[in-house]
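See below for the structure under consideration.
Protein chains in written order, with my numbering: chain A, 5 to 111; chain B, 312 to 435.
Below is the structure:
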């Protein structure tokens, strides 16, 4: 199975900060990588597909990059509504493993 | 507007069975691969199973292989998850989710529509 090592597990940042979350796959998944946001008490939401494609309606301060085994989600200018937990997901090979999540909090 | 609505969860005893359902609306259900994902209380997301758009291909997480069965009825726009021999560690919110693709030949493209989830609680 492909393991997804996501880091950090949590972070505290100020409004307006640039936030970076990393996901490392245990083997090459090309660009079959999605990023999800789950706000407290809400359902997960797909932010980015194919490692770097922003989903419709997602603010442009979110961006994704990477290919192969190293991937990054960046929030350029943290806003209060960005608070929540972020998950990466391999969908190159079954089982479609998720990272353990990164909890983003306000400092 | 694409929507998914799960049902069938509840409080059950270990060893029993449940069938979860998910009804889709607002998109062409028969075009999409469909997934089940679960989330234990206070934990992260765990992918459980997927079925291709036409029901011919099914894949499962190792942790549920042999106990869970995913299937669909495209005439009813419905997805199902049969869960047998329930264990306390199966306690979770179960979400159904739509793939951006058809889910054929093992290719997937991200889960872009999620239901609100149905809760399964397993305890004696």
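Backbone N, C-alpha and C define an ideal beta-carbon position, used for all residues, glycine too.
Listing by chain order, which chain B residues have their CB less than 8 Å from the CB of residue 105 of chain A? In chain order: 355 and 356.
Could you tell me whether the segment 29–47 of chain A touches the segment 323–342 of chain B, using the rule of 3 or more Cβ pairs below 8 Å? In the pairwise beta carbon analysis, the segment 29–47 of chain A is classified as not touching the segment 323–342 of chain B: fewer than three pairs are separated by under 8 Å.
Near-chain A residues of the segment 361–393 of chain B - C-beta to any C-beta below 8 Å: For the segment 361–393 of chain B, the set of positions with a beta-carbon nearer than 8 Å to some beta-carbon of chain A reads 361, 370, 371, 372 and 373 in chain order.
Would a C-beta distance cut-off of 7 Å place residue 76 of chain A and residue 24 of chain A closer than the cut-off? Cβ atoms of residue 76 of chain A and residue 24 of chain A: closer than 7 Å.
Which residue from B:427, B:377 and B:412 puts its Cα closest to that of residue 394 of chain B? Closest by alpha carbon: B:377.
Grab the span of the beta strand (DSSP E) containing residue 70 of chain A for me, first residue to last. Note, residue 70 of chain A: beta strand (DSSP E), 66–71.
Cβ closer than 8 Å: which chain B residues qualify as neighbours of residue 53 of chain A? Per Cβ cutoff of 8 Å: 411, 420, 421 and 423.
Which residues bound the beta strand (DSSP E) around residue 406 of chain B? Where residue 406 of chain B is concerned, the enclosing beta strand (DSSP E) stretches over 403–410.
Length at least 3, wholly inside the segment 330–395 of chain B: the beta strand (DSSP E) runs in chain order: Counting only runs of 3 or more, we get 345–350, 356–362, 369–371, 379–384 and 389–394.
Taking the alpha carbon of residue 282 of chain B as the reference point, which residue from B:420, B:405, B:416 and B:353 has its own alpha carbon closest? Past the boundaries of the shown model lies residue 282 of chain B; chain B is included only from 312 to 435, so the question cannot be answered.
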